[in-house]
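Here's the structure we're looking at; comments come further down.
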Amino acid sequence: MNKKTEFSLEMRKLRRRHIPLLFLMVFTLITAWTYWCIDDLDISRLNDVSAMVFTNLLLMNTILCPIVLAALASRMCDMEQMGNTYKWLCTMQKPEHIYRGKVMAGSFYIILFTLMQTILFWIISQPYGAGAVSHLPGYFTTIFLTSLCIFILQLNLSLKFTNQLTPIFISIGGTFTGLFSWFLNRWPLRYLIPWGYYASLCNAGYIYDETTRYTTYSWDTYPFLWMAVLAAAIIILYRHGQKHFLETVRENM
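Positions in the sequence shown are counted from 1; adding 14 to them yields our numbering.
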């Protein structure tokens, strides 16, 4: 079975599961929150608005994306897990093809969601200079790789646990840990968990002067080393998840 067929079969399973609506609602919330920040802040006290938008968008992704990705993974697996239908599905597809199809379907939604956010970052930053254009590839890469890593982890958990609340609770815990990692930059926490890589791959920083109440933003070089670490983690999680799923199906057949 070719990859196109695997992808289309998995997308058919997701019909009427309201996955696009879920991502659209989160995107709308991120958009509204970002425009509110722009409107509420005194822009004259910022030396680089695009860096502020970049940082705040990644922070919002840290809060919202893990839960959405956990819900996506859960929706992909809940009926099959509850009905224990994998042994029937495997009469038509190989187990590794089922797993690969789920990853491809999830990646498709993540790519669209990331592309929408990248366009949003560009639109919001345009009135404040053209400097944001050079940071669009970095923004896309950060959101896509981090979200993909979290999704594959959540998919592995959803395939492991029959009760889909367990992966959701793990995602909530990971979200809070990832959020704390933004404010604990002296600790290596953000480099040890996938939820922390929205912060780890953020190459915009700021210094706030309490006396003048002036925030100075700056750009650093993109952290390609940590990007490579995250890419390696994605490959490891994918191979481990596929192997574990194959073993689980064989045990139940």
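Beta carbons: idealized from backbone N, C-alpha and C, even for Gly.
Distance between residue j and residue i (C-alpha atoms, nearest Å)
| i | j | result |
| --- | --- | --- |
| D163 | L244 | Correcting the residue identity first, residue 163 is Cys in this sequence and not Asp. Computed Cα separation, rounded: 7 Å. |
| F259 | N170 | 8 Å |
| F21 | Y123 | 12 Å |
| Y252 | D54 | 42 Å |
| S148 | T235 | 12 Å |
| K27 | I112 | 11 Å |
| F190 | L73 | 12 Å |
| Q168 | W201 | 25 Å |
| K17 | W136 | 33 Å |
| Y205 | W240 | 8 Å |
| T19 | A146 | 38 Å |
| S121 | E224 | 43 Å |
| L150 | L129 | 10 Å |
| I249 | F165 | 13 Å |
| I52 | Y231 | 15 Å |
| K257 | L173 | 12 Å |
| L43 | R31 | 20 Å |
| A247 | G210 | 13 Å |
| I182 | F154 | 25 Å |
| K116 | M25 | 8 Å |
| E110 | P237 | 33 Å |
| A119 | H254 | 18 Å |
| V40 | A242 | 28 Å |
| W47 | L203 | 27 Å |
| L36 | G152 | 25 Å |
| I125 | R29 | 18 Å |
Candidates the options: closest to residue i by CA position
| i | options | result |
| --- | --- | --- |
| R114 | L23, T262, Y228 | L23 |
| T226 | K17, S58, L35 | S58 |
| L71 | L60, A84, L83, T45 | T45 |
| L215 | T156, S139, I184, S161 | T156 |
| Y212 | R30, L173, L83, T76 | T76 |
| T262 | N61, N16, F175 | F175 |
| D62 | W233, Q256, M241, A242 | W233 |
| P208 | C51, T48, L173, T160 | T160 |
| Y49 | H254, I249, L134 | L134 |
| Y228 | K116, W47, L60 | L60 |
| N177 | S88, A246, R204, I166 | S88 |
| P34 | I52, L43, W47, L86 | L86 |
| Q131 | E110, F158, P237 | F158 |
| Q179 | C91, V40, W47 | Correcting the residue type first, residue 179 is Leu in the shown sequence and not Gln. If we check each option's Cα against that of L179, C91 comes out closest. |
| L38 | F127, R29, A242 | F127 |
Residue range of the unbroken alpha helix (DSSP H) whose run includes residue i
| i | result |
| --- | --- |
| A269 | Outside the shown range of the chain (15 to 267) lies residue 269, about which nothing can therefore be said. |
| D53 | 33-54 |
| S58 | Neither: S58 is in no alpha helix (DSSP H) and is coded neither H nor E. |
| T19 | 17-27 |
Closer than 6 Å: residue i CB and nearest the ligand ADP heavy atom
| i | result |
| --- | --- |
| A85 | This structure lacks the ligand ADP; in fact it carries no ligand of any kind. |
Just checking, does the stretch 220-235 make contact with the stretch 58-73 on the three C-beta pairs under 8 Å criterion?
-> Put simply, the stretch 220-235 touches the stretch 58-73. At least three CB pairs are less than 8 Å apart.
Please go through the stretch 198-256 and give each complete alpha helix (DSSP H) segment of 4 or more residues, from N-terminal end onward.
-> Segments of the alpha helix (DSSP H) lying fully in the stretch 198-256: 203-206, 211-214.
Determine contact between the stretch 79-95 and the stretch 175-189, defined as no fewer than three beta-carbon pairs at a distance below 8 Å.
-> They touch, by the three-pair rule.
Could you tell me which uninterrupted beta strand (DSSP E) segments, each at least 3 residues in length, are contained entirely in the stretch 112-199, listed from first to last along the chain?
-> Entirely contained in the stretch 112-199, not one beta strand (DSSP E) run reaches 3 residues.
Does the count of Cβ pairs from the stretch 124-143 and the stretch 191-206 closer than 8 Å reach three?
-> Short answer: they don't touch.
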